[in-house]
Amino acid sequence: MDGANHVQIFTCIMLPLSKPMLVFVALTTFSGAWVDYIFASLILRSRDK
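Everything in the sequence shown is counted per our numbering, starting at 1276 for the first residue and increasing by one.
Right under this line is the structure:
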């Protein structure tokens, strides 16, 4: 892209190429937090219920 500035290069080239990696990182982070939440809720659940 001749004449493009740094922002245009980032948004038109770098960001589309890194979308799969960003989605993978977001899903991995979410699933890790979700597993931690489920594990903690199972451990802390009272036996009265």
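Where a beta carbon is used, it is the ideal one built from N, C-alpha and C, also for glycine.
Ser1321 (DSSP reduced to helix, strand or coil): Locating residue 1321 in the sequence shown gives position 46, where the first residue counts as 1. Collapsing the DSSP output to three states places Ser1321 in coil.
Lys1294 to Ile1288 span [Cα, whole Å]: The residue given as residue 1294 occupies position 19 in the sequence shown. The residue given as residue 1288 occupies position 13 in the sequence shown. Cα-Cα distance, rounded: 11 Å.
Reduced DSSP secondary structure (H/G/I, E/B, other) of Met1276: Within the sequence shown, residue 1276 is the residue found at index 1, counting from 1. Correct three-state label for Met1276: coil.
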